[in-house]
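These notes concern the structure reproduced below.
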Amino acid sequence: MDISKLTITSFQKGLREKKFSALEIARAVFENIEERDGDIGAYLRILKDDAYAQAEAVDIRIAEHREVPPLGGV
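For the sequence shown, the positions run 1 to 74 when our numbering is used.
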């Protein structure tokens, strides 16, 4: 999935329509970081476990038809 093409609006819509999960997006983000950051060195600390836990929490809220904050999963 090319996450660089997602806007906030398309991200939110895709989550609601279950085209992808927040966890899938989080994994794609970290894959992108791993592929590119070696040359750049932009990240001092990467908190994958925290991000994955937050993404899973958003996915659970969606599955339970509960409200998700506007930037939930971002």
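Positions of the beta carbon are idealized from the N, C-alpha and C atoms, including for glycine.
Fair warning: this is a prediction, and the values are worked out from it, not measured in the lab.
Counting C-beta pairs with one atom in each stretch, the stretch 9-25 and the stretch 55-73 have three or more that are closer than 8 Å, which means they touch. For G14, the enclosing alpha helix (DSSP H) covers residues I8 to R16. Secondary structure of K48 (DSSP, three-state): helix. A55 sits close to A22, with the two beta carbons spaced by under 7 Å. The beta carbons of F30 and K48 sit closer together than 7 Å. Contact check for Y43 against A26 fails: the beta carbons are separated by 7 Å or more. By the Cβ neighbour-count rule, D2 is exposed, with fewer than 16 other Cβ atoms within 10 Å of its own.
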